[in-house]
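Below is one structure; the comments refer to it alone.
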Amino acid sequence: MTITVHHLNNSRSQRVLWLLEELGLPYDIVAYQRDPNTMLAPPELRQVHPLGKSPVVTTDDGLTLAESGAIVETVIERFGNGRFAPAAGTPAFLRYRYWLHYAEGSAMPPLLLKLVFDKIENSKMPFFAKPIAKAIAGKAKRSFITPNITTHLDFMEAELGKSRWFAGEDFSGADIQMSFPIEAAAARGGLDASRPKLMAYLDRIHARPAYKRALERGGPYGLLS
Ligand SMILES: N[C@@H](CCC(=O)N[C@@H](CS)C(=O)NCC(=O)O)C(=O)O
Numbered sequence: 062m063t064i065t066v067h068h069l070n071n072s073r074s075q076r077v078l079w080l081l082e083e084l085g086l087p088y089d090i091v092a093y094q095r096d097p098n099t100m101l102a103p104p105e106l107r108q109v110h111p112l113g114k115s116p117v118v119t120t121d122d123g124l125t126l127a128e129s130g131a132i133v134e135t136v137i138e139r140f141g142n143g144r145f146a147p148a149a150g151t152p153a154f155l156r157y158r159y160w161l162h163y164a165e166g167s168a169m170p171p172l173l174l175k176l177v178f179d180k181i182e183n184s185k186m187p188f189f190a191k192p193i194a195k196a197i198a199g200k201a202k203r204s205f206i207t208p209n210i211t212t213h214l215d216f217m218e219a220e221l222g223k224s225r226w227f228a229g230e231d232f233s234g235a236d237i238q239m240s241f242p243i244e245a246a247a248a249r250g251g252l253d254a255s256r257p258k259l260m261a262y263l264d265r266i267h268a269r270p271a272y273k274r275a276l277e278r279g280g281p282y283g284l285l286s
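In the working numbering, the protein residues as written are 62 to 286.
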């Protein structure tokens, strides 16, 4: 079977390349470039999936998979042969499923809000609008966004104090899914050496040969710069 990853530069689809490298599965990449001004995906991606977001995975037997957590879960279920997911019915499996959902459902929203409000603060606008925009963005960040990011970072740091990887002592698809919010937090969400477990975790995932191979296939990945 041929697996094709519809890969947008600098995006969540980097995780899918990494997963396929970990599994040693052959795959093709169709590359899409973000608009340098808006950072949005090009319209061609809507021909693959109506939302026009990345990642999307297609197979030559007619599957179209979207939503990174669902892609990670489905690929591991179909091709994992017992690798990268704890056995069904175990407490570790519940943790695995929790983190697969948490990454996009809970960790990403405040990080995305921060990105949007940072952009509003720094975007060009008539001079008289600037102080108003700055005041609104500053209030949203101080009162809601930053405290939420702090809560999530504290939570993740504490969880990594309980086990080496998110689902337990073994590396799993949950770690691949969790890499993106943690990388995003390190790039622009205030994650730094004051949270040593998360920083060491990032070093561990970046040292994995499959992670490095995925970077070579996927091209420059801005969250690491
Ligand atoms: N929750 C979705 C999010 C998908 C998503 O927003 N992808 C971003 C890339 S990181 C995207 O395609 N952005 C370009 C756009 O919105 O046009 C997932 O995890 O797959």
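Even for Gly, the Cβ is constructed at its ideal location relative to N, Cα and C.
These numbers come from a predicted model, not from an experiment.
query, result
"Report buried or exposed for K223, applying the criterion of at least 16 other Cβ atoms within 10 angstroms of its Cβ.", "exposed"
"What is the DSSP secondary structure of T151, counted as helix, strand or coil?", "coil"
"Comparing C-alpha positions only, which one of M62, T63, L284 sits nearest to L176?", "L284"
"By DSSP, does L81 sit in helix, in strand, or in coil?", "helix"
"Between which residues of its own chain and N209 is the CB-CB distance below 7 Å, once the five residues before and five after are set aside?", "P171"
"Does at least one heavy atom of ligand 1 sit under 6 Å from the Cβ of E165?", "yes"
"Nearest by alpha-carbon distance to H68: which of V91, G85, L81 is it?", "V91"
"Which residues does DSSP list as the beta-bridge partners of V136?", "Looking at the DSSP assignment, V136 forms no beta bridge with any residue, so it has no partner."
"Secondary structure at G229, three-state DSSP: helix, strand or coil?", "strand"
"How many Å lie between S255 and D122 at the Cα?", "48 Å"
"What do you reckon, are the CB atoms on A235 and E82 nearer than 7 Å?", "no"
"Between A92 and ligand 1, is the CB less than 6 Å from at least one heavy atom?", "no"
"Residues in its own chain within less than 8 Å of G199 by CB, not counting five upstream and five downstream?", "E182"
"Output yes or no for whether 7 Å exceeds the beta carbon distance between E218 and L259.", "yes"
"CB-CB under 7 Å to K202, same chain, minus the five flanking residues each way: which ones, in chain order?", "K175, F178"
"Please tell me whether R76 and I237 are closer than 7 Å, where the distance is taken between their beta carbons.", "yes"
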